[in-house]
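Q: In mature numbering (1 follows the signal peptide of the UniProt record, and there is no 0), the protein residues as written are -23 to -1, 1 to 268.
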């Protein structure tokens, strides 16, 4: 009887896969953190770009079947409050109070003392006309994240032909995170003196989507403090295995405001060490040029 059930289950899975194949695509595959990788870092104080060995995303969820109605945008000022916006809520797609959030990571952004705010802020979306920044506001001041904060380029279809990155047949390509060199005062006023320690990208293709998270701590970097220079990053993405043959229809970008209590910078700070590393790279390159 047990063997019969196993054979029956195998046949059902085979028939489901076959029906998806006739429809032109396969069912969602488990995501892989190597689907999205980082390959360069630049401190935006005029330092050179430093190429690094490919670094996988920290975590990923998916692939899932669904549409954009799942990607609920925050409505209460877009400041990362608990249950405001899809990534700040409990969900069957992840454990914990928010996406990529454990209980120890919770914040108290609403000042109620209950420390229950995951802190994900919706930065914007690209539906084919370029990345458009979203606005955060506390009802007094506001800040709109810059357009083209995250961009895609050098995109290819499943046959490695060049194609439009969004709205075409793209299944892989390059990405670039390019923030302002320093954080504007309007953003400082809204979020305080610390900035994003996690960034999440949601890739949407056909009726499927997958989510990828980069944790700044995993890169050995401290969250940027008020007055510090930001980092720019570049990397690659490849959804051909996870999301199949469908081209990228849109992507959304979220960032998590780090814990309010993290106000001390280690001595020496990771930022200082990284700046020294960049300086050494620049000096080494100059020596090579003079040889």
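We treat Cβ as the ideally placed atom computed from N, Cα and C, and that holds for glycine.
1. Using only the alpha-carbon positions, how far apart do residue 200 and residue 206 sit?
2. Quick one: give me the first and last residue of the alpha helix (DSSP H) that residue 165 is part of.
3. List the residues that DSSP assigns as beta-bridge partners of residue 177.
4. Run the CB neighbour count on residue 107, radius 10 Å, all protein chains shown included, and call it buried at 16 or more, exposed below.
5. Would you mind stating whether residue 54 and residue 115 have Cβ atoms separated by less than 8 Å?
6. Pick out whichever of 57, 51, 6 has its Cα sitting closest to the Cα of residue 41.
7. Determine the contact status of residue 143 and residue 105, defining contact as a CB-CB distance below 8 Å.
8. Give the range of the beta strand (DSSP E) segment to which residue 209 is assigned.
9. Pick helix, strand or coil for residue 226, following the three-state DSSP scheme.
10. If we call anything under 8 Å between Cβ atoms a contact, is residue 228 one with residue 146?
11. Looking at residue 48 and residue 175, is the spacing between their C-beta atoms short of 8 Å?
12. For residue 125, tell me which candidate among 113, 109, 138, 220 has the shortest Cα-Cα distance.
13. So what does DSSP say about residue 84, is it helix, strand or coil?
14. Nearest-angstrom Cα distance between residue 128 and residue 235?
15. Under three-state DSSP, which class holds residue 40?
16. Quick one: Cα of residue 137 to Cα of residue 184, how far?
17. Give the range of the beta strand (DSSP E) segment to which residue 200 is assigned.
18. Identify the continuous beta strand (DSSP E) that holds residue 158 and give its terminal residues.
19. Taking C-beta to C-beta, are residue 82 and residue 59 nearer than 8 Å?
20. Kindly indicate which three-state DSSP category residue 153 falls into: helix, strand or coil?
21. If you reduce the DSSP assignment to three classes, tell me which class residue 64 lands in.
22. Identify which residue in 193, 216, 214 has its Cα closest to the Cα of residue 208.
23. Kindly give me the distance between the Cβ atoms of residue 149 and residue 231, rounded to whole angstroms, as I take these residues to be in contact under 8 Å.
24. Using DSSP with H/G/I as helix, E/B as strand and the rest coil, what is residue 133?
25. Name the two residues that bound the continuous beta strand (DSSP E) containing residue 108.
26. Check residue 46 in the structure and name its three-state DSSP category.
A: Taking the structure as given:
1. As a first step, residue 200 must be located in the chain shown, where it is residue number 223. As a first step, residue 206 must be located in the chain shown, where it is residue number 229. Between residue 200 and residue 206, the C-alpha separation is close to 11 Å.
2. As a position in the chain shown, residue 165 is number 188, starting the count at 1. Looking at the DSSP string, the run of the alpha helix (DSSP H) that includes residue 165 is 162 to 168.
3. Numbered from 1 along the chain shown, position 200 holds the residue referred to as residue 177. Answer by DSSP bridge pairing, in chain order: 190, 231.
4. Locating residue 107 in the chain shown gives position 130, counting from the first residue. Exposed, by the Cβ-count rule.
5. Position 77 of the chain shown holds residue 54. Position 138 of the chain shown holds residue 115. Against a cut-off of 8 Å, the Cβ pair of residue 115 and residue 54 comes out as a contact.
6. By one-based count along the chain shown, residue 41 stands at place 64. Of 57, 51, 6, the residue nearest in Cα terms is 6.
7. Indexing the chain shown from 1 puts residue 143 at position 166. Indexing the chain shown from 1 puts residue 105 at position 128. Against a cut-off of 8 Å, the Cβ pair of residue 105 and residue 143 comes out as a contact.
8. Position 232 of the chain shown, counted from the first residue, corresponds to residue 209. That run of the beta strand (DSSP E) goes 208 to 215.
9. The count along the chain shown starts at 1 and reaches residue 226 at position 249. Of the three classes helix, strand and coil, the one that applies to residue 226 here is strand, per DSSP.
10. Position 251 of the chain shown, counted from the start, is the residue given in the question as residue 228. Position 169 of the chain shown, counted from the start, is the residue given in the question as residue 146. In this structure, residue 146 does not lie closer than 8 Å to residue 228 by Cβ.
11. Against the chain shown, residue 175 aligns to sequence position 198. Against the chain shown, residue 48 aligns to sequence position 71. No; because the gap between Cβ atoms is not below 8 Å, this pair is not in contact.
12. Position 148 of the chain shown, counting from 1, holds the residue named residue 125. The option with the nearest alpha carbon to residue 125 is 109.
13. The residue you call residue 84 lines up with position 107 of the chain shown. Here residue 84 sits in strand by DSSP.
14. Taking the first residue of the chain shown as position 1, residue 128 is located at position 151. Taking the first residue of the chain shown as position 1, residue 235 is located at position 258. Roughly 24 Å separates the two Cα atoms.
15. Start at 1 with the first residue of the chain shown, and residue 40 comes out as number 63. Residue 40: strand per DSSP, three-state reduction.
16. The residue labelled residue 137 in the question sits at position 160 within the chain shown. The residue labelled residue 184 in the question sits at position 207 within the chain shown. Residue 137 and residue 184: Cα-Cα distance of roughly 22 Å.
17. Counted from its first residue, the chain shown places residue 200 at position 223. From DSSP, residue 200 is part of no beta strand (DSSP E); its letter is neither H nor E.
18. The sequence position of residue 158 within the chain shown is 181, counting from 1. Where residue 158 is concerned, there is no enclosing beta strand (DSSP E), given that its DSSP letter is neither H nor E.
19. Residue numbering aside, residue 82 sits at position 105 when the chain shown is read from its first letter. Residue numbering aside, residue 59 sits at position 82 when the chain shown is read from its first letter. It is not a contact, given that the beta carbons lie outside the stated cut-off.
20. Along the chain shown, read from residue 1 onward, the residue named residue 153 stands at position 176. Three-state result, residue 153: strand.
21. Locating residue 64 in the chain shown gives position 87, counting from the first residue. Here residue 64 sits in helix by DSSP.
22. Walking along the chain shown from the start, residue 208 turns up at place 231. Considering only alpha carbons, the answer is 193.
23. For this step, residue 149 is matched to residue 172 along the chain shown. For this step, residue 231 is matched to residue 254 along the chain shown. Their Cβ separation, rounded to whole angstroms, is 22 Å, which puts residue 149 and residue 231 out of contact at 8 Å.
24. Here the question's residue 133 lines up with position 156 in the chain shown. It is a strand residue.
25. On the chain shown, position 131 is the one that residue 108 refers to. Counting along the chain, the beta strand (DSSP E) containing residue 108 begins and ends at 108 to 110.
26. Position 69 of the chain shown, counting from 1, holds the residue named residue 46. Here residue 46 sits in helix by DSSP.
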